[in-house]
Structure formats: structure tokens, C-alpha cells
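Heads up: the structure comes next, in C-alpha cells.
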Amino acid sequence: MPWENIATETTIDDFGAYLLANLARGIYNYEAVLREYVQNAGDAYLDLPRMPKKPLITIRTVGDDTVTIQDNEIGMDLDDLKECKKIGVSSKGRRRGRAGFRGIGIWAGFQACNRLEIETTKRGSVYRYVLQIDFEDILQHVHDNINLKKLLDGRVRIQRDSERVEKDESYTLVKLIGLQGDYLKLLNEQDLLRIASQILPCKLDPAFEHYAALSAILQDIEGYQEYLIKVNNSDAYKQFPTGLQPPELKILENDGVEYARAWRCTGNESIVPQGFQYRNFRLRVLNFAVGRFGIYDDEDGSSFEDTRKLKSRAHLNWHVGEIHITHPDVRPDTPRSSLEFDTPARRAIELIRSFYEDCIVASRARNGFVHGQQLLEEVEAALGNPSILTPENVATLLQRLKAQNELVEERQTRDRVKLRLRQMLGTRALTNRRQAAIEQLEAIAPTVPNQETAQSTGSGRGADGGRSRDTGASRGGTTPGTRPSAGAADSAAATATVAGVDPEVLLSETISAVEEVIGEDDDLCREVCDAVQNVFLQHGLINA
Numbered sequence: 186m187p188w189e190n191i192a193t194e195t196t197i198d199d200f201g202a203y204l205l206a207n208l209a210r211g212i213y214n215y216e217a218v219l220r221e222y223v224q225n226a227g228d229a230y231l232d233l234p235r236m237p238k239k240p241l242i243t244i245r246t247v248g249d250d251t252v253t254i255q256d257n258e259i260g261m262d263l264d265d266l267k268e269c270k271k272i273g274v275s276s277k278g279r280r281r282g283r284a285g286f287r288g289i290g291i292w293a294g295f296q297a298c299n300r301l302e303i304e305t306t307k308r309g310s311v312y313r314y315v316l317q318i319d320f321e322d323i324l325q326h327v328h329d330n331i332n333l334k335k336l337l338d339g340r341v342r343i344q345r346d347s348e349r350v351e352k353d354e355s356y357t358l359v360k361l362i363g364l365q366g367d368y369l370k371l372l373n374e375q376d377l378l379r380i381a382s383q384i385l386p387c388k389l390d391p392a393f394e395h396y397a398a399l400s401a402i403l404q405d406i407e408g409y410q411e412y413l414i415k416v417n418n419s420d421a422y423k424q425f426p427t428g429l430q431p432p433e434l435k436i437l438e439n440d441g442v443e444y445a446r447a448w449r450c451t452g453n454e455s456i457v458p459q460g461f462q463y464r465n466f467r468l469r470v471l472n473f474a475v476g477r478f479g480i481y482d483d484e485d486g487s488s489f490e491d492t493r494k495l496k497s498r499a500h501l502n503w504h505v506g507e508i509h510i511t512h513p514d515v516r517p518d519t520p521r522s523s524l525e526f527d528t529p530a531r532r533a534i535e536l537i538r539s540f541y542e543d544c545i546v547a548s549r550a551r552n553g554f555v556h557g558q559q560l561l562e563e564v565e566a567a568l569g570n571p572s573i574l575t576p577e578n579v580a581t582l583l584q585r586l587k588a589q590n591e592l593v594e595e596r597q598t599r600d601r602v603k604l605r606l607r608q609m610l611g612t613r614a615l616t617n618r619r620q621a622a623i624e625q626l627e628a629i630a631p632t633v634p635n636q637e638t639a640q641s642t643g644s645g646r647g648a649d650g651g652r653s654r655d656t657g658a659s660r661g662g663t664t665p666g667t668r669p670s671a672g673a674a675d676s677a678a679a680t681a682t683v684a685g686v687d688p689e690v691l692l693s694e695t696i697s698a699v700e701e702v703i704g705e706d707d708d709l710c711r712e713v714c715d716a717v718q719n720v721f722l723q724h725g726l727i728n729a
């Protein structure tokens, strides 16, 4: 027999108070709560017929338990307030350019404060309204066996100011009253400035050395928007370290489809940020940060369905930059700690990890280039007073300079770092300087007073102009421009051998072994090698 339909309907009794339990667990930390309310303010500016030249969002601390977020956009009337108090229903939907779309909206602070107040008036209206939500009272009854209507009635209120306002007045002021627990950090002005600088879509610091070039890159990103964000009386800016290379733009695309745009500025070594500056990369969607610094930089990418290993991750700290998602179907998850893990996001993550690989190659090559330049400068300085050069110095410097030439002339390598380094070291100007230095060293070599040639001329790792830790020319007591003192010579003679091995040779070989085991992680390698050298120094095996 066929099935027979029975009339039924869904009522409020089908939705219990427990539906709010997830919000009660606090899916947003204190940084994310602030970001959600600033995001709502930013989206409101997009509803204006025309974006103002300087859209302003102001964050203020009030007393010892309240923080406020205010925008001066179009504001809200009674119908708008009724709409914004809904849970899980978003009028923004998936409209392009809007950062919010999940319907959490004003409920983001459910766990953060005792009460939420939204004071607002809409342009063209003569009334001011306030929406009040008693989060603390609701939280106490969220596990009661009652429906949502019974839970919220009386605890969500809208009031209208009896005094009329000017028709051209408009704003929305959100108050998080009675902050508690970890959310009390929102009362710290320095914490607010840090969040604004590193997570929120604030303006670039106009004092940044590459401000003009970076501004041009960012303004060309579809959907990019920035706001003048003030914390109490201070302006918040994106701040970046100094002494970096100009910004480079990389479009992350696959099969002709663009997923993101990334920019980076590269330093000459691992960056040490100051204040609210940072190093590494921030992922952003509509200019709001998603997740931690260096998101998706895990060496093992299997959790992202990426079979590649991402090695030498410490080299990402040689860069600072951002990755801006541009594909409309790549969205952040609810707490914005990562991207939604669907097919478009997986492709974006693969491209991000490929970009990281390029950055690692770039910084490793730059490491070698910087050391190559330093070597050439050392040689040129020593040649200014060749009488103080020893045979050991001349032999070491010739070997290292010729190793650079061999690298530049090599044509068989497929190593991406060597290929890039070869291009950097192979410019006409550097090649001419290097060749001139080699010819001068070879010319003075026969005239250097005869001395016993050192048994070691370096660690053998300087062929790429990079991490050569030569114990004669760059680490020990003899440098290109100096002779060892009489006391140093006596000390060296006293410790000439350790079980029949020259300490300088032993140090060189130890360092080489460390480098081979650690690989190309320069930061870690430098720390370990310095520690090894300190042991030799402490035991008087080598000179300081």
C-alpha cells in the first residue's frame, strides 16, 4: 500500500535552549571576539552607497570591565535590529566582499561578557535604539529543558530613545559589558593595539620603508579593504621590520584559476621583530587574519593531503608578508583558525605550501649571497694592506673565491637554491670584482713570507658562498686583516695537538659533521656550531 502524508509543521518547541550550547562553550577566544565585532562594523560600511575616504572604526576601553566598538556607517533602524539579533541566519548570506556570513554576528561575545548592548541610529531616521542581551542570564539557563523562545524572551530587549535625533546622524556602538575570564585581556590597550595591527584590517604604517610599493600591491587585490582603526586615542597600523628587500608579488594559481595573492619582503637573516612587528606570513581573507603566523607550514603536510615535506621552515622567518585569499569559494572556518577544508581550500593550501617552498629557496640563496658578498668585502679589505696576510689566509681566501666561481660557472645542477644563488653571484659587477681579487691574491702569494701552511683551509662548505665556517679565515684567531699576537701564538703552540690532531682541524671537521646532519636549517645550524666552538674556547683549544 502507498504511504500517506500526514500534515505537520515545525514550531519553536522543536528548538531547545541547548541549541545555544556551542556558543556557550566559547568558540571564540578574546582576539576572535574583537575581530568578529570589528568585522561586523567593516561589513556595515560596505552597505553605504559610497565608501567614505577614511572609514573609521573606534575601539575603546571603559572602566574596568567594558570594551566598545563603534563605526559611523549607515546605522540601524528597528527592522535592522530585529534582523541582527537572529541566530544562525545571516542577511549577508554569501555576498561577495562581506567577511561575515555564518549568522553568529552579535552573539560572538556570548561567553565573553555578562551583557551586550548595541546603541544605534540610522541615517534618515529620527530615533535612536538600543538592543540589550543578557548573556549571563541566558548562559545560566542554556541547559534547561525549555525552548529557545522561553529562553530568550525577556532576556533580549529593544528600547527606543524618547528624544529624537538629527536625521543625518548615524552610528552603531557595540558595548561588551562585564568582561570576564580571559576576555578581560580586551581591557589592555597594548593587547588591543597588537590585535588591531596584526589581525584586523587596519592601515599600513606610512613610515614603512616600502609603503608606496606595498600599497600599490595591496590596492590591486580584489576585495581588499582597510580601515582607520583607533584604540582609545591611538591609531593602529600594520607594522613591519626595516632593512628588508622591496616587496615581491606572487599570484597563487592553478590551471589558470587564481586562489590567492601573496607578497613578501626578504631580509638578510632571520628577522627579529620589534613591538607589534612580526615575521613569517599571515593568511588573510578580506584582509582579516586567519589562524596563526605561518599557517600550513608543517613539515608533514599529510593532514592537508599534501605529500611533500616542507623542510628548513626556519627560513620563513627571513621573510615577512601576507597571503590574501582571492578565490570566492575559499572561506575560513567559524572561529577563523583555518580554512574550511573543502576542495577549493585544499588547492589553496597546496599553493600556499608551494609558495613557502619558494620563500625557503629565496632565503637560503640570499644567505649564500650575503656571505659571498661579505667574503669579497673581507678580501678587498685585506688586499688594502697585503703585508699582514699570511700564507694560510691567502690559500683560504683563494679557495673560497674560486669555489664561488665554480658555482657560478656550473651548468649541470638542478638544485633550486644553487640555481638562484648562481644568478645572484653571477652578475657582471660581482664577477669582475671576484676575478680581480683572485688575480691580486695569486700575484702576492709568492711574496708572502714563508710560514708553515695550515693543515685546514676551511670546512669545505663555502662553495655556495654561504655557510662556510672556516676556522682560519672567519672563526679562529687569524683573520684576513690581522696576524696572531705573540701571546696567541704561544697559546696555539701550547695546544697544538689534541691526541695528535690540530684543534683547528678538529673544530672544522666537527662543524662540517654538524652541518651535514642538520642540513640547511641555518638558524639551528648556527646555534649548534656556535655552541661547539664555545666548548673549544672554554677548554683553550682555540683562540678567541
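Under this note's numbering, the first residue of the sequence shown is numbered 186, with each subsequent residue one higher.
All C-beta atoms, glycine included, are put in the ideal place defined by N, C-alpha and C.
(request) Could you check the C-alpha separation between residue 227 and residue 483 for me, to the nearest Å? (result) 32 Å
(request) Go ahead and pull the three-state DSSP assignment for residue 529. (result) helix
(request) Kindly provide the ranges of any alpha helix (DSSP H) runs that are 4 or more residues long and lie completely inside the segment 383 to 445, ordered along the chain. (result) 396 to 404
(request) With a 10 Å radius around its C-beta and 16 neighbouring C-beta atoms as the bar for buried, classify residue 684 as buried or exposed. (result) Any reading at residue 684 is ruled out, since the residue's pLDDT is 46, under 50, leaving its predicted position unreliable.
(message) Count Cβ pairs between the segment 533 to 548 and the segment 598 to 606 that sit closer than 8 Å; are there 3 or more?
(response) yes
(message) Given a cut-off of 9 Å on the beta-carbon distance, is the pair residue 495 and residue 541 in contact?
(response) yes
(request) Return the first residue and the last residue of the beta strand (DSSP E) that residue 314 is part of. (result) 314 to 318
(message) Is it buried or exposed, residue 261, if we count other Cβ atoms within 10 angstroms and call 16 or more buried?
(response) buried
(message) Output needed for residue 201: all residues of its chain with C-beta closer than 8 Å, excluding positions within five of it in sequence on either side, in chain order.
(response) 330, 331, 332, 333
(request) With a cut-off of 8 Å on the beta carbons, I'd call residue 364 and residue 527 a contact; round off their distance for me. (result) Residue 364 to residue 527, Cβ: 35 Å. No contact.
(request) For residue 519, write down the residues that DSSP places opposite it in a beta bridge. (result) According to DSSP, residue 519 bridges with nothing at all.
(message) Can you give me the C-alpha to C-alpha distance between residue 536 and residue 491, rounded to a whole angstrom?
(response) 10 Å
(request) Output the boundary residues of the alpha helix (DSSP H) element that contains residue 338. (result) Neither: residue 338 is in no alpha helix (DSSP H) and is coded neither H nor E.
(request) Please state whether DSSP places residue 474 in a helix, a strand or coil. (result) strand
(request) Please classify residue 507: does DSSP put it in a helix, a strand, or coil? (result) strand
(message) Just to confirm before moving on: does the CB-CB distance between residue 476 and residue 522 stay below 9 Å?
(response) yes
(message) Does the contact criterion of 3 or more C-beta pairs under 8 Å hold for the segment 439 to 452 versus the segment 417 to 431?
(response) yes
(request) Look at the Cβ atom of residue 314, then the Cβ atom of residue 343, and state whether they are nearer than 9 Å. (result) yes
(message) Does residue 195 pass the burial test, meaning 16 or more other C-beta atoms within 10 Å, or should it be called exposed?
(response) exposed
(message) Please state the DSSP three-state secondary structure of residue 681.
(response) Reliability of the predicted coordinates at residue 681 is poor, the pLDDT of 40 falling under 50, and the value obtained from them is presented with this limitation in mind. Here residue 681 sits in coil by DSSP.
(request) On the DSSP bridge assignment, give the partners of residue 332 in chain order. (result) 201
(message) Taking 8 Å as the limit between beta carbons, can you name the residues of its chain near residue 562, skipping five residues before and five after?
(response) none
(request) Specify, as a first and last residue, the run of the alpha helix (DSSP H) that residue 224 falls within. (result) 215 to 230
(request) From the DSSP output, in three-state form, read off residue 354 for me. (result) coil
(request) Determine the extent of the beta strand (DSSP E) in which residue 241 is found, giving its start and end residues. (result) 241 to 247
(request) Provide the residue(s) that pair with residue 606 in DSSP beta bridges, ordered along the chain. (result) DSSP lists no partner for residue 606.
(message) Quick check: what's the CA-CA separation for residue 389 versus residue 301?
(response) 31 Å
(message) I need the DSSP call for residue 661, collapsed to helix, strand or coil.
(response) Residue placement at residue 661 is flagged as unreliable, the pLDDT there being 36, under the threshold of 50; a coordinate-derived value is accordingly withheld.
(message) Just verifying my parser: in three-state terms, what is the DSSP assignment at residue 448?
(response) strand
(request) Taking residue 305 and residue 354 to be in contact with their CB atoms under 8 Å, please state how far apart those CB atoms are, rounded to whole angstroms. (result) About 10 Å separates the two Cβ atoms, so there is no contact after all.
(request) Report all residues from its chain with a CB closer than 6 Å to the CB of residue 583; omit the five preceding and five following residues, and keep chain order. (result) 626
(request) Kindly indicate which residue of 631, 399, 437 has the alpha-carbon position closest to the one of residue 531. (result) 437
(request) Tell me, please, which residues DSSP counts as bridged to residue 597. (result) DSSP, once it has assigned bridges, lists no residue as partnering residue 597.
(message) Starting from residue 301, trace the beta strand (DSSP E) in both directions and tell me its first and last residue.
(response) 300 to 306
(message) Classify residue 596: buried if its beta carbon has 16 or more other beta carbons within 10 angstroms, exposed otherwise.
(response) exposed
(message) Would the segment 451 to 461 count as touching the segment 371 to 385 if we require 3 or more Cβ pairs under 8 Å?
(response) yes
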